[in-house]
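Each number in our numbering comes from the position in the sequence shown (counting from 1) with 17 added on.
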Amino acid sequence: MKSLNVKQRRKAFISFFLLFLLTTSLVVVIVFFNYKVPEKENKYLHNRLNYLSLEKKQTSDFALKMDKVKSLIDMIEIKGTNIEFTDQLISTELAVMRNKFIAEDSVANVGMYNNIILTYLELKEAKIELLNLEDAKTDIESYVSIIEELKEKLEEKQRDLDIYRHNAK
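Structure below.
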């Protein structure tokens with residue numbers, strides 16, 4: 018004995034089975050994305066956080082080196098400081114800064130760091146030149162006073178010469 022609605026039942030079963038497979042696969046895909054996508058996003062965010070932490074550390078290290086170089090440059094103005102030795106210390110610190118911060122590819126602000134280092138180098142050279150000019154200024158002032166003394170002596174000697182010439186006649 019066969020049922021009369023075998024075709025309808027089979028059609029209903031096939032559509033139920035297809036919808037069941039579609040729903041089950043949709044649930045599996047949703048669960049997959051629910052676990053895998055946040056995992057990849059977390060990995061990306063973790064890498065980004067590590068990069069930013071590294072850059073922050075490098076920036077703070079650079080700031081410390083900048084303060085050290087600034088204090089060395091300020092030492093140039095102090096009387097009695099060995100300028101050549103201080104100049105070498107500053108040049109060494111700037112070279113270390115350049116090698117450490119500009120040579121690394123992980124630093125995003127290479128141009129800024131390079132400009133700061135060049136500015137400090139120019140500041141150092143300007144301060145040394147200013148000190149040399151101040152020394153030259155004191156030398157010029159002493160030379161001016163010596164010239165004045167020599168002019169007075171010359172005038173005195175010319176008067177003596179005029180007196181001798183006048184007496185010799």
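Every residue, glycine too, gets a C-beta built ideally from N, C-alpha and C.
- Task: Can you grab the Cα-Cα spacing for the pair I163 / K174, in whole Å?
- Result: In the sequence shown, the residue the question calls residue 163 occupies position 146. In the sequence shown, the residue the question calls residue 174 occupies position 157. Between I163 and K174, the C-alpha separation is close to 16 Å.
- Task: Check whether the region 76-96 touches the region 105-118, taking contact to mean three or more Cβ pairs, one atom from each stretch, closer than 8 Å.
- Result: Yes: at least three Cβ pairs fall under 8 Å.
- Item | Cβ pair count under 8 Å reaching 3, the region 130-144 against the region 112-119 | In this structure the region 130-144 touches the region 112-119; the number of beta carbon pairs closer than 8 Å is three or more.
- Which full runs of the alpha helix (DSSP H) of 4+ residues lie inside the region 54-124, going along the chain? Within the region 54-124, the complete alpha helix (DSSP H) runs of at least 4 residues are 100-114.
- Message: For F3 and V44, I'd like the C-alpha separation in whole angstroms.
- Response: Any question about residue 3 goes unanswered here, given that the chain covers just 18 to 186.
- Task: Please classify K144: is it buried, with 16 or more other beta-carbons within 10 angstroms of its beta-carbon, or exposed?
- Result: By 1-based counting over the sequence shown, the position of residue 144 is 127. Buried, because 16 or more other Cβ atoms sit within 10 Å of the Cβ of K144.
- Message: Helix, strand or coil for S20? Go by DSSP, reduced to three states.
- Response: On the sequence shown, position 3 is the one that residue 20 refers to. The answer is coil: DSSP assigns S20 none of H, G, I, E or B.
- Task: For N126, name the three-state secondary structure that DSSP assigns.
- Result: To locate residue 126, count along the sequence shown from 1; it is residue 109. Three-state result, N126: coil.
- Message: Rounded to whole angstroms, what is the Cα-Cα separation between A29 and L35?
- Response: Along the sequence shown, read from residue 1 onward, the residue named residue 29 stands at position 12. Along the sequence shown, read from residue 1 onward, the residue named residue 35 stands at position 18. A straight-line Cα-Cα distance of about 10 Å links A29 and L35.
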